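Here the protein sequences line up with chains H and C, keeping their order.
If you're matching positions, the first sequence starts at 438 in our numbering and goes up one per residue.
If you're matching positions, the second sequence starts at 2 in our numbering and goes up one per residue.
Ideal placement from N, C-alpha and C gives every residue a C-beta, glycine not left out.
From a predicted model like this one, the values you see are computed outputs, not experimental measurements.
Report on one structure; see the data block that follows.
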Amino acid sequence: MNRGTHRISDPYAVLEVDPEAGDEQIRAAYLRKLKEYPPDRSPDEFENVRDAYDLLRDPRRRLQHKLFSCDPDAPLESLLDGAYARKYAGPGPWLAVFKEKK
Amino acid sequence: MSRKQERAERPTKVVAAANGRNGAETEIRRIRELIAGRHSKAAVELAKDLHKRVGTAETETLLLDSYQCRIEDMLRLGMVVEAKILLEMVGRRFPSSRSRMMDLQREIALVDGRLDEVVAPLDDDNLSPEVRERIETFVRQRVYDLAALAGVPSLPREHSLRMGAAALAAAFQAVTTGPADDRVAALSQISRRSALAPWKAMIRAIASFYRREDDDCKKWLRLVPEDSAPARLIRPLMAMLGTDLTSDFSAAEQRLVSAVGAGSGSLRPALAVLEKALLAKKRKPLLEAARTAVTVCSQCCPEIRERLCQHIVIRSLSHGVSRSEICSAIGAPRENAYFWRLLALSFEHHLDEYSSAEALFHWEYFRAAAIREKRFVPGSLEDGVLSLHMAKIAERLPSDDFDDLEDTRLLRRDRRSGGLGDEDLRSPEMLYERACRTDPHPEAFQAWLQWADRHQSWREADQVAELWRQAFPGDTRPVLYLMESAEERGAYRKSLQHLECAEELDRLNPEVRRAKLRLLLSAAIRHLRQGKTNLVVAEIEHIDALPEVRPGEIASLATVLRLLCAALDDDRIAMSQQNERLQAMLGSAVAAFVLTNGLAQTANMKDKVESPSLDLSRLSAMELLTGTARSLALGDWAGLALPMPPGWEGNLLAALDQPECSLDLRQILVLGESALRSGAMNLAYALSAVGLAQGTADARFLFLRGQVLPPWQAERREGCFLAALELARRDRNLELTGKIIDQVRRNEGRYRGADFLGDPVTASGPVAPDLLSEILKEERAENEFPVPGRSQLPKYVSKLGPENCDCAHCRAEREDTASDWGEEDKGDDRNPTDFAEEPPGTFSEALDRFAEILDMLSTRIAREQEEAIVPAVRPEVVATGMFGSLRPDERSKKPLKNLPSPEQGELF
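Here's what the structure looks like:
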């Protein structure tokens, strides 16, 4: 939307918690972030953290986020985010290339 | 004859024919050709035959070349034993060939795992440079097992090759296992001339790759010779860097790319091309790009291929590409729960009623698929949340959309396969019922009740409230609703029963206490209208018995009622006494006047009450404003929306301009809301300006301003509502948030095809801080009520975005095709001078007729229409505003009860 709008794209990323995290983990992460970004010193970050926590603290709202937040018009490249980082797979898969017959 | 036999005999036949013509030379040339073409078996047969017949040094060399080629082919085919036997046989028959067959011996030794034999000669100081070089070249080109090389027993531990291999093996392990220090990849012990130097470059390339220093990675890869052993890693690495998109990976290379998960490197450029094609809306490049992207994805990120196909299909559909076309290009996607959810969301995002209706069906498919895939079970929390979401979509859809869908549906499936059918999906009631059954929680019941209250009969709405009460027996909200509902239809006794129930549940609840006061006041006012003073007195006794929250408030209300009773009885002495008492209680003659006047108007007995006249000119500004605000606030608290005394607007406006005027926020707000109710728009606007200037409750005053603005400033109003909503959201003020959204929906929320919720404001995300500041700044500066023809729209309006504007300019910017009614627009875009061409009688008659209509309207609506006609707004626009105001949208036939705002969470 061209309204200069911004959204919390991923509240889990803001709070740095796993998408499968439970209530207690989410709350702990929120408290940790509050210490990191107190409202008097980092008001913008605090606002983000609070919004993210608001989305996640209630299981029903968390579920709403999970079900309805996906953007079907998002750039296709977003499919590659996160899970497709460069992973350290150890030397095995690298050496397997040599062992394979040409 | 098989092709194999034919191929074997063909050279013999050829040589036989050649013998007669050119002799040995032809045969030699032919054998060379066979070697070059890797037909080693035929070459050996011919070379043996030739050497047997001719027996020269040249034919011996040719035979050895043939054997070498044959052994190499055997090794390539994995026939190690056969190659070894053949090599031994050649060595026995042609002892001179041993030196030239050394490389083959090394190859066999390497394949056999006898690396120590290969490198053993390097420990000999007397080894000829040529042989040393050949062994080192062999190591550079063929040896990849660095750990084995580091442990070869044939070389001393301190040998440079062993030490170098050990360091490289450790570094290789380190860079592929985790973030490695620069020192790990420094490998200073490996010189540039070393046989292991390519490994050093490769390890540095891998380290750079993981550090995402892609340019450095490419630089190191360029230093790895193509014929060296580690060069086999160049191709997958380049693919992972996104440089080589065309590689056809071997199985091991594909496993490597998948394991490292960096296939995105090669996929990203392909997706960027596809994204560009989607935006360009060009069919052929789009299909081509989609095909390439899926092919690349299959090679390097097979895990996401399915999901990518689903996204591509859905994006393509939304760009107008037919399903058959895109599916023929990339294959049909799997229609699982993920797909249906994405498709439903896609329809929701496309902001038109057809799409929203379609979204409903696809949510139902999603539900069925998710249950089938065991993502959730029927009756779970997920099911409830989904059903509530669907109900909210359904309640905002015009009912005829469902019929239109029958012919034009894109992806219709058998809806009878499970879940709700067409008829059920038409009804928000069924969806709300399912939502509340599967996940009963107050917000769901509240939303259902709010819908039922607006669109159904009182019986059905009461049934919903009863269901809510049964599900949550301790919740006072459904009971208060039932009380209010009974009160509205005049069932006073029933209403009292519900009130008693609410008191039993929570006597101290302020809502319950206020509800009791409101009910008693309502009964007293009804009796006043009926002229039954004895009944009013009985209600007053009940009111007097209520505990005071703030001293004097309930007593003041009781006193006003006594005053009105006295007026009905025409008891002037009692009236005077009660008036004095009221003034003493409220501490202001103005407050007493406003309260008496307001209640008298509410009870339809304005003509019976002669309030003592007030000389407003003698009152100070503060006295006038605070006294008025005091009574209006008291009325608000008691649930009485008191009107502003008629004719006071000018005095209050003048008072606001006085320098000593300093109202608090609550006073400004209550005055502003009353002015709005009474149609005193200039006053309401001025109060919004005073409130905004104070800068502490901007959300409320922006909301007030938005409501005050005339219809021809609709964009500005939208900006005020957007900013108010954002500020209310930031303040976590759910009550105000709900009010704003309800206001938008009630007044402007007729289905405009703007979005699935029916209006752009409620569907918008948070407003960006810059835009919010701009709106606040400009609205603070706008202190004058807008005048048609003179006032301009604030600059921020242009930043609200043209996505909802359907003017030709915005459509052109959006590259939209003209809508069906685009031509009408053009025709209607009249010049004001066009009116001069109207037949004189017609226009004046129309104006007269218009004036008659305006006289019949309420003050506020009439004033808005008068203002609109001044700048020669098209008559149909004025008429639409007028009849739109008179006849609210069908969806809000009934005025909203004072329901608590539903949960607004998913809007943000």
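{"Query": "Min CB distance ARG939(C) to chain H below 7 angstroms", "Result": "The structure shown does not extend to residue 939(C), since chain C spans only 2 to 909, so no value can be given for it."}
{"Query": "Same chain, Cβ closer than 8 angstroms to LEU452(H), neighbours up to 5 away in sequence not counted", "Result": "ILE463, ALA466, TYR467, LYS470, VAL486, ALA489, TYR490 and LEU493"}
{"Query": "Euclidean distance between Cα positions of GLU1(C) and CYS502(C)", "Result": "Chain C is shown only over 2 to 909; residue 1(C) falls outside these bounds and no answer can be derived."}
{"Query": "Neighbouring residues, chain H, relative to GLN174(C) (Cβ below 9 angstroms)", "Result": "GLY527 and PRO528"}
{"Query": "Proximal chain H residues relative to SER618(C), where beta-carbon distance stays under 8 angstroms", "Result": "Here the premise fails: no neighbours, minimum Cβ distance about 48 angstroms."}
{"Query": "Chain C residues whose Cβ lies nearer than 7 angstroms to that of VAL534(H)", "Result": "ARG233, LEU234, PRO237, ALA253, GLU254 and LEU257"}
{"Query": "ALA676(C) beta carbon less than 7 angstroms from that of ALA690(C)", "Result": "no"}
{"Query": "Per-residue DSSP class, three states only, for SER458(C)", "Result": "coil"}
{"Query": "Neighbour flag for LYS470(H) against chain C, beta carbons, 7 angstroms", "Result": "no"}
{"Query": "Pair within 7 angstroms by beta-carbon distance, ILE191(C) and ALA181(C)", "Result": "no"}
{"Query": "Among ASN683(C), LEU150(C) and ALA240(C), the one whose alpha carbon lies nearest that of CYS298(C)", "Result": "ALA240(C)"}
{"Query": "Chain H contact residues for TYR211(C), given Cβ-Cβ distances below 8 angstroms", "Result": "ARG523 and TYR525"}
{"Query": "Cβ-Cβ distance between ALA526(H) and VAL261(C) below 7 angstroms", "Result": "yes"}
{"Query": "PRO479(C) beta carbon less than 7 angstroms from that of ALA487(C)", "Result": "no"}
{"Query": "Touching by the beta-carbon criterion (3+ pairs, under 8 angstroms), the segment 595–611 of chain C and the segment 627–646 of chain C", "Result": "yes"}
{"Query": "Pick from PRO226(C), ALA252(C) and LEU481(C) that is closest to PRO237(C), judged by C-alpha positions", "Result": "ALA252(C)"}
{"Query": "Among LEU562(C), LEU620(C) and THR603(C), the one whose alpha carbon lies nearest that of ALA590(C)", "Result": "LEU620(C)"}
{"Query": "TRP649(C) - DSSP class collapsed to helix/strand/coil", "Result": "coil"}
{"Query": "Inter-residue Cα distance where the pair is LEU737(C) and PHE702(C)", "Result": "11 angstroms"}
{"Query": "Chain H contact for ALA37(C) (CB, 7 angstroms cutoff)", "Result": "no"}
{"Query": "Per-residue DSSP class, three states only, for ALA196(C)", "Result": "coil"}
{"Query": "Integer-rounded CB distance, given that LEU188(C) should sit under 8 angstroms from LYS219(C)", "Result": "Incorrect: roughly 19 angstroms between the Cβ atoms, too far for contact."}
{"Query": "Cα-Cα separation between ALA44(C) and MET75(C), rounded to whole angstroms", "Result": "14 angstroms"}
{"Query": "For ASP508(H), three-class secondary structure by DSSP", "Result": "coil"}
{"Query": "Beta-carbon gap between ALA290(C) and VAL274(C) smaller than 7 angstroms", "Result": "yes"}
{"Query": "Secondary structure, alpha helix (DSSP H): runs of 4+ residues fully inside the segment 338–408 of chain C", "Result": "338–350, 354–373 and 382–395"}
{"Query": "Proximity below 7 angstroms, CB of SER388(C) to CB of ARG342(C)", "Result": "no"}
{"Query": "Nonlocal neighbours in the same chain, by C-beta distance under 6 angstroms from GLU359(C), ignoring five residues either side", "Result": "PHE348"}
{"Query": "CB contact below 7 angstroms: GLU73(C) versus chain H", "Result": "no"}
{"Query": "Straight-line Cα distance separating THR477(C) from LEU635(C)", "Result": "24 angstroms"}
{"Query": "CB contact below 7 angstroms: GLY179(C) versus chain H", "Result": "yes"}
{"Query": "Exposure of ASN580(C), with buried meaning 16 or more beta-carbon neighbours within 10 Å", "Result": "buried"}
{"Query": "Neighbourhood of ARG519(C) by C-beta, 6 angstroms cutoff - its chain only, sequence neighbours within 5 removed", "Result": "GLY640"}
{"Query": "Where the segment 302–331 of chain C meets chain H: residues whose CB sits under 8 angstroms from a CB there", "Result": "CYS302, ILE305, ARG308, LEU309, HIS312, ILE313, ILE315, ARG316 and SER319"}
{"Query": "Positions along the segment 65–96 of chain C whose CB lies within less than 8 angstroms of some CB in chain H", "Result": "ARG77 and GLY79"}
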